[in-house]
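S.K.: One structure coming up, written as structure tokens, with questions to follow.
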Amino acid sequence: MPFEDRVGLTPDQLERLEAVLAGHHMLQDVVRWRMVSDIITQDEYSLDVIVAWDDGLFLVYDTT
6 MPFEDRVGLT PDQLERLEAV LAGHHMLQDV VRWRMVSDII TQDEYSLDVI VAWDDGLFLV
66 YDTT
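The opening position of the sequence shown corresponds to residue 6 in the working numbering, with each subsequent residue numbered one higher.
Okay, here's the thing in structure tokens:
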């Protein structure tokens, strides 16, 4: 799953995140991995799904 580092993660954090994202192919994988913190509706077709990660950081999954 492609991702964009917008906070300047350390090489260790990037490696751990890449390992996690390798198993995420659909939203169902994300929900089974961690509890969703929030869902923000962008429009009738798009949602942002927010999940708490490590070190006080959050991942935002853009879904369509």
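A virtual CB, placed ideally from N, CA and C, is assigned to each residue, including glycine. Every value quoted in this text rests on a predicted model; they were computed, and no experiment measured them.
#1: Taking the alpha carbon of F63 as the reference point, which residue from V35, A27, H30 and D48 has its own alpha carbon closest?
#2: Which residue's Cα is closest to the Cα of W38: Q47, R11, L26 and T68?
#3: When DSSP labels each residue in this structure, what does A24 get in the three-state scheme?
#4: Are the beta-carbon atoms of L32 and V56 separated by less than 8 Å?
#5: D48 by DSSP, collapsed to three states: which one?
#6: Who are D43's beta bridge partners in DSSP?
M.R.: Based on what the coordinates show:
#1: V35
#2: L26
#3: helix
#4: no
#5: coil
#6: I55
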